[in-house]
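A.B. asks: I'd like to ask you about the structure that follows.
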């Protein structure tokens, strides 16, 4: 049995570097000391995950080890990547709603002198309600963000048609 320790750092002194993990090279054939060489290869994938493998030099390159306990398994990494995709969709949906609210706010601000008092109060109330919802629902899932955006869009459609279309024709 052979342990391979993995460190990160620039120092030539091991104690001054950070330990990332270790793995055990197993399935070593019985032999006298120094009669074979084990080669270890380390690779960092596009997600920044460190992968390692080792084999006995001179034999077919059969993987005989992977990162040891304390490190993520392949299944755990796949589960994390799935969660990142879900979180990415959630983040995108939230950003789209925030951007739409900002666009409406900016549009209302640009034509505020042409908006009736009642319409101004109504659109401000709708904007404030969405901002309040966003503040209290930071962890909502993507579908909830999309649903809230559709709801807000439906409230803004008549306003946008009434003021923004008219304003474009006046220019």
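Numbering (the numbering used here), first residue to last: 46 to 216.
Backbone N, C-alpha and C define an ideal beta-carbon position, used for all residues, glycine too.
If you're wondering where the values come from, they're calculated on a predicted model, not measured in any experiment.
Any idea what DSSP makes of residue 63, helix, strand or coil?
C.D. replies: Three-state result, residue 63: strand.
A.B. asks: If you draw a straight line from the C-alpha of residue 54 to the C-alpha of residue 139, how long is it?
C.D. replies: So the alpha carbons of these two residues sit roughly 38 Å apart.
A.B. asks: On the CB-based measure, 16 or more other CB atoms within 10 Å of its CB, does residue 131 come out buried or exposed?
C.D. replies: Residue 131 should be labelled exposed.
A.B. asks: With DSSP as the reference, label residue 97 as helix, strand or coil.
C.D. replies: In this structure, residue 97 counts as strand in the three-state DSSP scheme.
A.B. asks: Tell whether a beta-carbon distance below 9 Å holds between residue 149 and residue 197.
C.D. replies: Contact: yes.
A.B. asks: By Cβ distance below 8 Å, which residues in the same chain neighbour residue 206 in space, the five residues on each side in sequence not counted?
C.D. replies: Cβ within range, chain order: n/a, list empty.
A.B. asks: In chain order, which alpha helix (DSSP H) runs of at least 4 residues are fully inside the region 142-182?
C.D. replies: Correct list: 162-181.
A.B. asks: Mind checking residue 97: buried by the 16 CB within 10 Å criterion, or exposed?
C.D. replies: Residue 97 comes out buried.
A.B. asks: For residue 87, list the residues DSSP reports as bridge partners.
C.D. replies: Residue 87 pairs with 97.
A.B. asks: What did DSSP end up calling residue 205 once you bin it into helix, strand or coil?
C.D. replies: The answer is helix: DSSP assigns residue 205 an H, G or I state.
A.B. asks: Quick one: residues in its chain with C-beta nearer than 7 Å to the C-beta of residue 200, no 5 flanking neighbours on either side, listed in chain order?
C.D. replies: Counting only Cβ-Cβ distances below 7 Å, and skipping sequence neighbours, we find 171.
A.B. asks: Of all the options 204, 180 and 95, which has the alpha carbon lying nearest to the alpha carbon of residue 27?
C.D. replies: Here the chain has residues from 46 to 216 only, and residue 27 is not among them.
A.B. asks: Under the assumption that residue 165 contacts residue 157 (Cβ atoms under 8 Å), give the Cβ distance between them as a whole number of angstroms.
C.D. replies: At roughly 7 Å, the Cβ-Cβ gap stays under 8 Å, so residue 165 and residue 157 are in contact.
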